[in-house]
Each structure stands twice: as C-alpha cells, then as structure tokens.
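Residue numbers (the numbering used here), protein chains in the order written: chain A, 1221 to 1315; chain B, 1221 to 1315; chain C, -17 to 96; chain D, -17 to 96; chain E, 103 to 222; chain F, 103 to 222. We treat Cβ as the ideally placed atom computed from N, Cα and C, and that holds for glycine. Only a predicted model underlies this, so the values are computations on that prediction, with no experimental measurement involved. Written below as structure tokens is the structure these notes are about.
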Amino acid sequence: MLYFITGEDITGVELAMEHTDDDDVTILLLQNAVYFANKSNKTVTQALNQNKKISACKEHIDTRGLSNFISDKIKLVDNSKIIDLIFESETIINM
Amino acid sequence: MLYFITGEDITGVELAMEHTDDDDVTILLLQNAVYFANKSNKTVTQALNQNKKISACKEHIDTRGLSNFISDKIKLVDNSKIIDLIFESETIINM
Amino acid sequence: MSEEKNIVILLRQPPHGTLYPVEGLRMTVAVSADFDPITVVINDAVFAFIKDVDKTMYSMHIEFIRNIDLDILIDKKSLDERGLTKDDLIDDVEIKEHQEILDIIANSTVTIPF
Amino acid sequence: MSEEKNIVILLRQPPHGTLYPVEGLRMTVAVSADFDPITVVINDAVFAFIKDVDKTMYSMHIEFIRNIDLDILIDKKSLDERGLTKDDLIDDVEIKEHQEILDIIANSTVTIPF
Amino acid sequence: MARLGILFFDGPYQKQASETVVKLSNAALDKGHEVRIFCYMDAVNALLDNQKKIEGIFNIEEGFREILTKGATIRLCNLCLLVRGTMKNCLKRECGDVKRAGTPDLAKIIEETDRLIVIC
Amino acid sequence: MARLGILFFDGPYQKQASETVVKLSNAALDKGHEVRIFCYMDAVNALLDNQKKIEGIFNIEEGFREILTKGATIRLCNLCLLVRGTMKNCLKRECGDVKRAGTPDLAKIIEETDRLIVIC
C-alpha cells in the first residue's frame, strides 16, 4: 500500500501511521510534502520509529536543499523509481 | 491595528494575540479564515479570553452555516462595515 | 480488473472558499456511471454537510448520490475535533468511527482527494 | 503621507512548490524604487534562505535587495521550530528575535503577505 | 472620500479571492471611495473575457465588469499574463480603466491609496 | 508494460503540480508505460498555447507538448475551460492526443489504467 503524498496536508502521514505492522505500508513524499521529512517533524519521526517505510522524491529534496536535514532512514528515490513504486503497489492512496 | 485575515493560515491570529493590551488590536476574519471562529478553535477562544476584539465577515459565516458554532463575542460585520473598519485602522496587517 | 476497483472520493477541504468539495462531489456523480464510489469525508470537509451551510452548488450532487444508494461517510474523529455532533448534520450522511474510515481508505484501489 | 509608509513584505511559504516566495522577493525589488520595504521571513519561508536550496529563480532578487541595503529579517522562532540555526543560512540575512519581528510587523503601514 | 488599494493572487473559480475582491470593491465604491486593484500571479486570469455563466456560480468576469463601470481601476501584471499565455484574452479598455502593468505600478498604488488590503 | 492514469487540479506557475505531472509522465513514458492524463479545474490552463518562456522557469506548455509527442493522452475538463474563458486557447489536436472531455472520461481513464495517481 502506497501513501502517495503530494500536498501540504499531513493527514496522509497520520493515516499511514495508524496501520498495524501487518499492513505493508510505504509513505512517498513529493513536492512540498518533502518538508515533512525534516528531522524536527514529530509525526514523521514517530513514523520512522514505528519502522514505517518512508521515501521522498530526490529531486524535490535536492531543490529545497533538505538532504542534510532529513533522517537517513528516509530513502531518496528518483522519478524512474517512483514509477516503479507506483506499479509495485496494489493500492495507491493519493493525498 | 487591524489584522485582516483572509487565508487558512492561523499565524495572523497568533501574532495578533502576542500584542499587549496597550495596543488597539482588532482581528477580522474573512473567507475560510472564518472557520477559526468555531468555538472548538483553541487559539481564537484564548484570544477572546484575552479580550481581543474579533470580527468576522457575516456573509462568509452565513454561507458556511457557522452562526450557531461561534462565540457571541465575535462580531459579525457586513461588507460596508468591513470597508469602514479598513479606513478606521491606521495599520492593516494582511495575512 | 476494472469491475473490482474500489473508488474512494476523499473530501478534505471546507465547502466554501474553494471549489474542491463541490468538484469532488461532481466527480463522485461522474464516476458512479462505471463504479460504486464511496465518498469519505474528513477534516474541514465535514462542514459541507452541516444543516445550515449553503448547499446551492452541491445539493443536487448529494441528492443524486443518495438516490443511487451510494454512501457518504463522515469521519467521527473529524466531527469531534470540530465540536460537531450527528444532530448538526443532514440525514443523507452516515457517521463512521475513525478506524472504519481508515479501513475503507486502505481497502480502496483508487483514492481521489479533494 | 506616502513618504512615511513602512512596507513589510512578509514571506510565509516555502521556496519551492509554489511561486509565492519568488514573487514576494520580486515585489520587494519592485517596491524598493519608491519605498524602503523590509522583507520579513516567517514559517516555512525560512527555508528559502538555507545554504543548499536552489535559488536560481531568486538569487538575483536577494542580491539586488542587499546591494541597496535593505534588510531581509528571519524570525528566530520559525528557525527554532524547524531545527535550523544561523549556520544553515546564507550571510545575506539577519536573524531577529520573535518579539522584534512582531514589532516590525506591527509598525508597518502596509503588510503584503506571500 | 478615501482610496482603497487591493492586491490579490488567485485566479477565478478555484478559490474565493476574486469573488471577495469584487464584493469588497463594490462595497467601497458604493460608499463613494476610490478603488485601485492590482492582479498578481494567477489573479490576472480573473479578468479574462468569455467566462461562461454557470447557474449557481458567481461569474467573476461580470463582477469585474461591474466594478470597472463604477470606476475601479485595475492593473494586470504583464509578465504574469505572458507566462500563462493569456495576454490576448483579457478585458479591453472599452470595459473601463483596465490595463497591463508592471510590478512598479503596485508601488504607485500603495503610494496613492490610503489603505492596501491583500486578499489571500 | 502498464498504464498510468494521472489526475491533477492546479494551473501552471502558481503551484508545482503541472511540472510534476510532466516529469512523472516523462519517467513513465521513458520506461515504456502508457500515460493518460485528466486535467480538472485550474489544471486545464496548464495546456494553454503561447506560454512565454522565461529564463529559469520550467515552461509548462513545452513540457506537455513533449509528453504528447511521446504518446501521452490528455483530456481537459470541458466545463472547467468554459467557465474560465480559456476554451479557445488550448493546445490543438496537431500536438498529439489532447482533447476536451467530460468528467465521465475520468471514469474511463480509471477503468482503463492500472494505477491512478493524483498530484495535489
């Protein structure tokens, strides 16, 4: 299950966190949603502590100069890999 | 001083609350900022408890059906009165 | 696979100030020709279904959705956070516990947020 | 009264994802012909001035603003909330305590938010 | 009577800003005030010609035509029109005092009005 | 190879969505996937003709022309164009498979693609 989060609304991350470990959940952050990846963001830090898989669009992180401010548990993915993630996930939850 | 708040960002209300009672501060809520007037909004409730003057655009409250959900300390103003408020205030802080 | 697709139209934004919720309900109507979309309502979008809100631009969509027996589901947590109760809402909607809302979203094939 | 007007250009939004901060800085430049606008930076707009951010679209505005000795003031509270420090920022900006930022906004005649 | 400056950023129909600009302008004009508007970013598209009237939706073009008739002046950011490809579609001078302008014209509006409001 | 549906709501230049749509479409097309795009609300204005190229700003029209050339199909919400007054300005059929459509066409896209992403 892929939480595909492109907006500045953190609800998507919150919903993803409510899944139990039985569900295979990946959170993908794009556009201004990549700011949620900042280490000082409590919701995302908590999601990482829960061992949720979080990826972020590399180009959008780089443009914003954020690579030094995010946890190294967050996987940076290029557009080609994003397309793969989309087709690998049976369910896409757009937020 | 008029905090003229038309956006969905509550920062304007927060800044207005940081003024001491010496400053003559009015908060005017328009468009989706009128949702901040909901009784369950803690920031606006606190501002009212601090005796800050808060007005809201009557048309925008009515369209949204909010009149039963807001404190009666909030003054509802029509567009003509909004124009008066704008010219009565030496400083307009647009947010 | 198309006949198995579960479509969730997810309303998040308040009913006025933007055209998002109106356009979201219009999308539910459009998609209902081919699927049985579920309209899920969270956050400030719950205000779209209070009794006194001006529904001129979307009452026909609500009516259409109810006439073909599709569900409009309201997240109870979002209501609680806004100090709203069942009595504040119109009859055409159904309130669901937050966990049920989450399950419905998780079981969708496609979620379209507005 | 025009010569007495204090203009604050208030940047609130992050540097990419929207054109708001770029357009805000362009506005500071435009208004500087007639006034001495102060650029005040709060919330996610502080990310516009970190060292590594792509400034292609607004570095010339920053340069122009500094060359004519106008201030770009960063709200320390917004920095703190985001885990940022002075060292993360470019040299062309000045960090101010939140109370000073508030005073500057309160003493403006016109505040233009972006 | 006083002079009101208005700045806004949003195009029509997606967000409420352009409707609010029309309504507050009407209120100010009806009280005898002057109104000067600057359209920045997407807001330039609020002044496009041929916006079709749809039942139940406030027609933005008609709203702006009305306040132009009542004497409002409207300036459209030139570069914003150019980049969006909508330069040729905007309302023409015969509708009133509406024309393309640069950002320095906003400085002029700030200078020449008593108050500036921004509709976000 | 698979089929990707994309839905978006925002016009060009104010927000990043249209640029992201172009870039993800390119990535999908380059991997041999099919791409079908539906432009809803302001997004219809992303396909307008004559968007002037400005140094340093990603030109949205050019981006969409490129993915049309590569075979993407694009549908523009008819009513959204009409109400905005931009019906006559959008890219024509000679650019590729781009045409006006109704909301039921999104249902068709959902039906005929393997995944639908929404760029907010």
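Quick one: what does DSSP say residue i is sitting in, helix, strand or coil?
i, result
"D/S60", "helix"
"C/P(-4)", "coil"
"D/S(-16)", "A caution first: D/S(-16) carries a pLDDT of 47, below 50, which makes its placement in the model too unreliable to give a value."
"B/T1314", "The amino acid at residue 1314 of chain B is misidentified as Thr; the sequence shows Asn. DSSP places B/N1314 in strand when its eight states are reduced to three."
"D/I32", "strand"
"B/G1232", "helix"
"E/L208", "helix"
"C/N68", "Strictly speaking, residue 68 of chain C in this sequence is Lys, with Asn absent from that position. C/K68: helix per DSSP, three-state reduction."
"A/K1293", "coil"
"C/T10", "helix"
"F/T171", "helix"
"D/I(-9)", "strand"
"C/L84", "helix"
"D/S90", "coil"
"E/G187", "coil"
"B/R1284", "coil"
"F/L181", "helix"
Round the Cβ separation of residue i and residue j to the nearest angstrom and send it over; I've been treating them as touching at under 8 Å.
i, j, result
"E/L178", "E/R195", "Actually they are not in contact, since the Cβ atoms of E/L178 and E/R195 sit about 12 Å apart, beyond 8 Å."
"C/F31", "C/V23", "7 Å"
"E/T188", "E/N147", "6 Å"
"A/L1305", "A/C1277", "Their Cβ separation, rounded to whole angstroms, is 10 Å, which puts A/L1305 and A/C1277 out of contact at 8 Å."
"C/V13", "C/I47", "So it is not a contact: roughly 11 Å between Cβ atoms."
"D/L71", "D/I86", "Not quite, the Cβ-Cβ distance comes to about 18 Å (not below 8 Å), so this is no contact."
"E/L149", "E/L184", "The Cβ separation is near 14 Å, so there is no contact."
"A/L1235", "C/L84", "6 Å"
"B/I1302", "B/Y1223", "With a Cβ gap of about 13 Å, B/I1302 and B/Y1223 do not count as contacting."
"E/D199", "E/F140", "Not quite, the Cβ-Cβ distance comes to about 13 Å (not below 8 Å), so this is no contact."
"C/A103", "A/D1243", "Since the first residue shown for chain C is -17 and the last is 96, residue 103 of chain C is missing from the structure and cannot be characterised."
"A/T1231", "A/M1315", "6 Å"
Does the beta-carbon distance from residue i to residue j come in below 9 Å?
i, j, result
"E/R138", "E/I176", "yes"
"C/D34", "B/S1260", "no"
"B/V1254", "B/M1221", "no"
"C/K59", "C/E79", "yes"
"D/L7", "D/L(-8)", "no"
"E/I221", "E/G107", "no"
"A/G1227", "C/P19", "no"
"E/R186", "E/D144", "yes"
"A/G1285", "D/D51", "no"
"D/H(-2)", "F/Q118", "yes"
"A/N1258", "A/I1225", "no"
"E/S127", "E/I169", "yes"
Assuming residue i is part of the beta strand (DSSP E), what are its boundary residues?
i, result
"A/Y1223", "L1222 to I1225"
"F/V220", "R217 to I221"
"C/I20", "I20 to V23"
Considering residue i, what are the terminal residues of the alpha helix (DSSP H) in which it resides?
i, result
"F/D112", "That residue, F/D112, is in no alpha helix (DSSP H); it is neither H nor E in DSSP."
"E/R202", "Premise fails: E/R202 lies in the beta strand (DSSP E), D199 to A203, not in any alpha helix (DSSP H)."
"C/E79", "No alpha helix (DSSP H) contains C/E79, which DSSP labels as neither H nor E."
"C/I47", "S41 to N49"
"D/F17", "First-last for D/F17: undefined, no H or E at that position."
"C/K37", "C/K37 -> no alpha helix (DSSP H), and no H or E assigned at all."
"A/S1300", "N1299 to E1308"
- Item | Start-end ranges of the beta strand (DSSP E) lying completely within the stretch 121 to 163 of chain F, minimum 3 residues | Listed in chain order, they are 136 to 141.
- Message: In chain order, what are the residue ranges of uninterrupted beta strand (DSSP E) at least 3 long that sit wholly in the stretch 1239 to 1278 of chain B?
- Response: Taking 3 residues as the minimum length, the beta strand (DSSP E) runs contained wholly in the stretch 1239 to 1278 of chain B are 1246 to 1249 and 1273 to 1277, in order along the chain.
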